[in-house]
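Here is the structure we will look at.
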Amino acid sequence: MNKLRDKISVDEQGYYGEFGGAYIPEMLYGNVEEIRKVYVSFWQDKAFKQEFDDLLKDFVGRPSPLYHAKRLSEKFKTNIYLKREDLNHTGSHKINNTIGQILLAKKLNKKRIIAETGAGQHGVATATVCALMGLECIVYMGSVDIERQAPNVSRMKMLGAEVRPALSGSKTLKDATNEAIRDWINNPLDTHYIIGSVVGPHPYPDMVAKFQSVISEEMKWQLKEKTGNENPDAIIACIGGGSNAAGAFYHYLNEKDVRLIAVEAAGHGIDSGESAATSVLGTKGVIHGSRTLLMQTEEGQIIEPYSISAGLDYPGIGPLHAHLIETKRAETYAATDKEALQAALEITRLEGIIPALETAHAFAVLHKISFNKADVVVLNVSGRGDKDLANYIKFIETNE
Amino acid sequence: MNRIDKLFIKKNKDILNIYFTAGFPNLESTGVILEKLSDASVDLVEIGMPYSDPLADGPTIQNSGQKALANGMSIKHLFKQIEVARKTIDTPLILMGYFNQVMQYGEEKFFRKIKEIGVDGLILPDMPLHIYERAYRSLFEELDLGISFLISPQTDFERIKKIEELSRGFIYMVSSASITGVKNGIDAKQIKYFERINSLHLTKPVLIGFGISDNKSFRTACEYSNGAIIGSAFIKAINSEEPIEQSISNFINKIRFDTIPV
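Chains as they are written, first to last, in the working numbering: chain A, 9 to 408; chain B, 249 to 510.
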């Protein structure tokens, strides 16, 4: 009974504890309600599940490997396994969710897809599934991010998507999300909005987490195969909105012995005024339709965040994570731009894996936490670093 | 009885509700605008609390809000301005903003405070109906404070009835699937929607907003409802070179009579 009561899951109104819900203008109510009505049954629909699984296997290339990183383990005197979401088609975990949502959009008979993107990984993953299904695709991206993630912008264009710059606010992920929501208000009938993270109004956080939960579903059997135990001692994932972390934590949420470690972007340092460490700097409020933790002024104006990583440069976190943090189920750490860059270089040279800048933040905390020698630690490699080469090269040139 | 309800007893057609963003174009514009709108006998005034991330608003209102915040506008300062203006004007005043602003102030504290300074109603487009009903409805009744919920072309009948039940003062009918200030003119599809809502004979006044920008669209909206709300077009009008007092009276005359007085 006890276990059942403590179970972490979303309630009918879309709340995880006190976080979540759907704080949206009436113009979006019909759209969100339409999705809410089908997403659960959709998940239980055999034909859908089959199509989803087939695409994940043959198009995405799942299961993604769980790799025992020996040199990294040796360095940190523990056992580190890397969940290789970077090896997915399109280069990150984002494709898991876009496959699921494009099937949903088809079921809802939508002809036009919109998305927001920060680092461009979700934009590329959305443009990819739209090409696959022959649907029109418009991706909103902050003009700052268009510049700093140029390779992904080119990929989206080649895939046939239109990339529309978000020019308001800090011109990053938050603003791209605002623009996508406004587009949806203007085009409610023919358009599906593929949100890329576990943010937004209910049912998005739960739906995206479910589509991403394939990560921890695979981790269970892969760990069992490799270590004899399906539970690790800890799981580490970076967190902006929190979709890769949600996927990596999902099947372990109720396994109290598994430490869940979320790593935020500290930017130039948590107290520098240029940061995106929401769990430290944030307070309770509403952002993008969800009650959660966010960076804001006393009067509720949302503060522009900062991180070198476009994917973590977001002033909120998903309501699931707010709940995990508030109830101390998850631990949070923060890594600065510099620590992330150093960690990216380190892992590249130790294991021959160039991670995305987002993922590099997760690697950086290996320097901040000491694990026991016998511990099994899984680090979710959310994406690959091709898009970040310009930043990495600049860092190498100034530091070597 | 609050000023909104009194107004609708006195007058139930051709209601003109003007929206402006507090703190735009200048921090201290609020008082002048309220005074001029009152002089021009505008029936209702909706004061926008500038917000960093106004999801339902188009570029005009977004930009005015950003400018207002840059000018130093805050909720506390706005409350002082309203308190002062209330001493000289009797027009019903409605505050419009986003739920997070109210949440950070403290919901109950906010509702009590606005009543105290002479505000008559509130519009929070992202406040869920069921939360209002469960947590705040009885307080609004106790304070006799108005609350207007939105209906859009996608709002189904059952929900319209719920919105009719919960709205206090008037129902805010969004003219099309749109954010504010991006559409001009009213098309045949919108007329069908206006007719559909009109035929429901809702028991509370209905004002049409979003995309109402000139005499023609104002007249059309008034034909199918109790009146209309104009925001973006007004903000554009006062963001001009000529003195704000002049812009305001010219704009109101153009809306009402399609003329500028000589």
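We treat Cβ as the ideally placed atom computed from N, Cα and C, and that holds for glycine.
Three-state class that DSSP yields for threonine 340 of chain A in the structure shown | Position 332 of the first sequence, counted from the start, is the residue given in the question as residue 340 of chain A. In this structure, threonine 340 of chain A counts as strand in the three-state DSSP scheme.
C-beta neighbour in chain A for alanine 481 of chain B, strict 8 Å | Counting from one through the second sequence, the residue named residue 481 of chain B turns up at place 233. With its beta carbon at least 8 Å from every one in chain A, alanine 481 of chain B lies outside the interface.
What do you reckon, are the CB atoms on isoleucine 269 of chain A and valine 373 of chain A nearer than 8 Å?
-> Taking the first residue of the first sequence as position 1, residue 269 of chain A is located at position 261. Taking the first residue of the first sequence as position 1, residue 373 of chain A is located at position 365. Yes, Cβ-Cβ distance for isoleucine 269 of chain A and valine 373 of chain A is below 8 Å.
In the structure shown, what three-state DSSP assignment does glutamine 349 of chain B receive?
-> Position 101 of the second sequence, counted from the first residue, corresponds to residue 349 of chain B. Glutamine 349 of chain B falls in the helix class under three-state DSSP.
Could you tell me whether the Cβ atoms of glutamate 408 of chain A and glycine 391 of chain A are closer together than 8 Å?
-> Along the first sequence, read from residue 1 onward, the residue named residue 408 of chain A stands at position 400. Along the first sequence, read from residue 1 onward, the residue named residue 391 of chain A stands at position 383. Result no, Cβ atoms of glutamate 408 of chain A and glycine 391 of chain A do not sit closer than 8 Å.
What whole-angstrom Cβ distance do isoleucine 247 of chain A and alanine 256 of chain A have, given they're in contact under 8 Å?
-> As a working note, residue 247 of chain A is residue 239 in the first sequence. As a working note, residue 256 of chain A is residue 248 in the first sequence. At roughly 10 Å, the Cβ-Cβ gap does not stay under 8 Å, so isoleucine 247 of chain A and alanine 256 of chain A are not in contact.
So, using beta-carbon positions, are glycine 366 of chain B and valine 422 of chain B closer together than 8 Å?
-> Stepping through the second sequence from its first residue, residue 366 of chain B is reached at position 118. Stepping through the second sequence from its first residue, residue 422 of chain B is reached at position 174. No, these two residues do not count as a Cβ contact at 8 Å.
CB contact below 8 Å: alanine 425 of chain B versus chain A = One-based indexing of the second sequence puts residue 425 of chain B at position 177. Chain A, which has a Cβ nearer than 8 Å to the Cβ of alanine 425 of chain B, makes this yes.
So which of A:Ile310, A:Ser378, A:Leu289 has the shortest CA-CA distance to tyrosine 299 of chain B?
-> For the purposes of this step, residue 299 of chain B is identified with residue 51 of the second sequence, where counting begins at 1. Restricting attention to A:Ile310, A:Ser378, A:Leu289, the CA atom closest to the CA of tyrosine 299 of chain B is found in A:Ile310.
Could you name the residues of chain A that phenylalanine 347 of chain B contacts, counting a contact when the two beta carbons are closer than 8 Å?
-> As a working mapping, residue 347 of chain B is identified with position 99 in the second sequence. Within 8 Å of the CB of phenylalanine 347 of chain B, the CB atoms of chain A belong to Tyr31, Val294, in sequence order along the chain.
Tell me whether histidine 331 of chain A is buried or exposed, calling it buried when 16 or more other Cβ atoms sit within 10 Å of its Cβ.
-> Position 323 of the first sequence, counted from the first residue, corresponds to residue 331 of chain A. By the 10 Å Cβ count, histidine 331 of chain A comes out buried.
Leaving out the 5 sequence neighbours to the left and right, which residues in its chain are closer than 7 Å to methionine 141 of chain A when beta-carbon positions are compared?
-> Against the first sequence, residue 141 of chain A aligns to sequence position 133. Excluding positions up to five away in sequence, the list reads Ile110, Lys114.
Could you tell me whether the stretch 407-422 of chain B touches the stretch 383-399 of chain B, where touching means 3 or more Cβ pairs closer than 8 Å?
-> yes
So, is the C-beta of methionine 351 of chain B closer than 8 Å to a C-beta in chain A?
-> Start at 1 with the first residue of the second sequence, and residue 351 of chain B comes out as number 103. Closer than 8 Å: yes.
Within chain A, partners of aspartate 435 of chain B - CB distance below 7 Å = Within the second sequence, residue 435 of chain B is the residue found at index 187, counting from 1. Ordered by position in chain A, no residue passes the 7 Å Cβ test against aspartate 435 of chain B, which lies about 14 Å from the chain.
Ordered along the chain, which non-local residues of its own chain (more than five positions away) have a Cβ less than 8 Å from that of asparagine 265 of chain B?
-> Residue mapping note: residue 265 of chain B aligns to position 17 of the second sequence, counting from 1. Closer than 8 Å at the Cβ level, and outside the excluded window around asparagine 265 of chain B, lie Val290, Asp291, Leu292, Val293, Glu294, Ile342, Leu455, Gly457, Gly475, Ala476, Ile477, Ile478.
Going by beta carbon distance, what residues of the same chain come within less than 6 Å of threonine 98 of chain A, once the five residues before and after it are set aside?
-> Sequence index remark: in the first sequence, residue 98 of chain A carries index 90 (1-based). Here the set comprises Val132, Ala133, Thr136.
Starting from the Cα of glutamine 314 of chain B, find the closest Cα among B:Thr269, B:Val332, B:Ser286 and give me that residue.
-> Taking the first residue of the second sequence as position 1, residue 314 of chain B is located at position 66. The residue from B:Thr269, B:Val332, B:Ser286 with its alpha-carbon nearest to that of glutamine 314 of chain B is B:Thr269.
Determine the direct distance from the alpha carbon of lysine 484 of chain B to that of phenylalanine 60 of chain A, and round the result to whole angstroms.
-> Taking the first residue of the first sequence as position 1, residue 60 of chain A is located at position 52. Taking the first residue of the second sequence as position 1, residue 484 of chain B is located at position 236. Near 49 Å, if we compare the C-alpha coordinates of lysine 484 of chain B and phenylalanine 60 of chain A.
Does any residue of chain A bring its CB to less than 8 Å from the CB of isoleucine 399 of chain B?
-> The residue given as residue 399 of chain B occupies position 151 in the second sequence. Answer yes: the Cβ-Cβ gap between isoleucine 399 of chain B and chain A drops below 8 Å somewhere.
Could you give the DSSP three-state label for histidine 210 of chain A: helix, strand or coil?
-> Here residue 210 of chain A refers to the residue found at position 202 when the first sequence is read from its first residue. Reduced to three states, the DSSP call for histidine 210 of chain A is coil.
If you draw a straight line from the alpha carbon of serine 522 of chain B to that of leucine 285 of chain B, how long is it in whole angstroms?
-> Absent from the model: residue 522 of chain B. The displayed extent of chain B is 249 to 510, so no value can be given.
Residues within the stretch 393-418 of chain B neighbouring chain A, beta-carbon criterion of under 9 Å | Phe397, Leu398, Ile399, Ser400, Pro401, Gln402, Thr403, Asp404, Arg407, Ile411
Assign glutamine 52 of chain A to buried or exposed, taking buried as 16 or more other Cβ atoms, counted over all protein chains shown, within 10 Å of its Cβ.
-> In the first sequence, counting from the first residue as 1, residue 52 of chain A sits at position 44. Exposed, because fewer than 16 other Cβ atoms sit within 10 Å of the Cβ of glutamine 52 of chain A.
Whole alpha helix (DSSP H) runs in the stretch 209-293 of chain A with 4 or more residues, listed along the chain?
-> 212-220, 222-235, 251-257, 286-289
Run down chain E in chain order and give the residues with a C-beta less than 9 Å from the C-beta of tyrosine 299 of chain B.
-> Checking the listed chains, one finds no chain E in this structure; the protein chains it contains are A and B.
Leucine 197 of chain A burial status per 10 Å Cβ neighbour count (16 or more: buried) = Taking the first sequence and counting its residues from 1, the one referred to as residue 197 of chain A is at position 189. With fewer than 16 Cβ atoms within 10 Å of its Cβ, leucine 197 of chain A is classed as exposed.
Which class does arginine 385 of chain B belong to by DSSP, given the choice of helix, strand or coil?
-> Numbered from 1 along the second sequence, position 137 holds the residue referred to as residue 385 of chain B. The answer is helix: DSSP assigns arginine 385 of chain B an H, G or I state.
Would you kindly work out how many angstroms separate the C-alpha atoms of alanine 288 of chain B and phenylalanine 499 of chain B, rounded to a whole number?
-> Residue 288 of chain B sits at position 40 when you count from the first residue of the second sequence. Residue 499 of chain B sits at position 251 when you count from the first residue of the second sequence. Rounded to whole angstroms, alanine 288 of chain B to phenylalanine 499 of chain B spans 10 Å at the Cα level.
Segments assigned alpha helix (DSSP H), at least 4 residues, entirely inside the stretch 120-170 of chain A = 129-141, 151-156, 158-166
Compare the Cα-Cα distances from lysine 259 of chain B to each of B:Gln329, B:Glu283, B:Pro453 and report the closest residue.
-> By 1-based counting over the second sequence, the position of residue 259 of chain B is 11. Measuring C-alpha to C-alpha distances from lysine 259 of chain B to each of B:Gln329, B:Glu283, B:Pro453 identifies B:Pro453 as the nearest.
Aspartate 321 of chain A vs leucine 181 of chain A beta-carbon contact at 8 Å | Counting from one through the first sequence, the residue named residue 321 of chain A turns up at place 313. Counting from one through the first sequence, the residue named residue 181 of chain A turns up at place 173. Contact: yes.
Would you kindly check if the distance between the Cβ of threonine 125 of chain A and the Cβ of valine 6 of chain A is under 8 Å?
-> Not covered by the structure: residue 6 of chain A. The range shown for chain A is 9 to 408.
Contact belief for glutamine 129 of chain A with asparagine 104 of chain A at Cβ below 8 Å, rounded distance in angstroms = Sequence index remark: in the first sequence, residue 129 of chain A carries index 121 (1-based). Sequence index remark: in the first sequence, residue 104 of chain A carries index 96 (1-based). Actually they do not touch by this definition, with Cβ atoms about 12 Å apart.
First and last residue of the beta strand (DSSP E) that includes methionine 421 of chain B?
-> If you number the second sequence from 1, residue 421 of chain B lands on position 173. Residues 419-422.
Looking at alanine 370 of chain A and valine 207 of chain A, is the spacing between their C-beta atoms short of 8 Å?
-> Position 199 of the first sequence, counted from the first residue, corresponds to residue 207 of chain A. Position 362 of the first sequence, counted from the first residue, corresponds to residue 370 of chain A. No. Outside cutoff.
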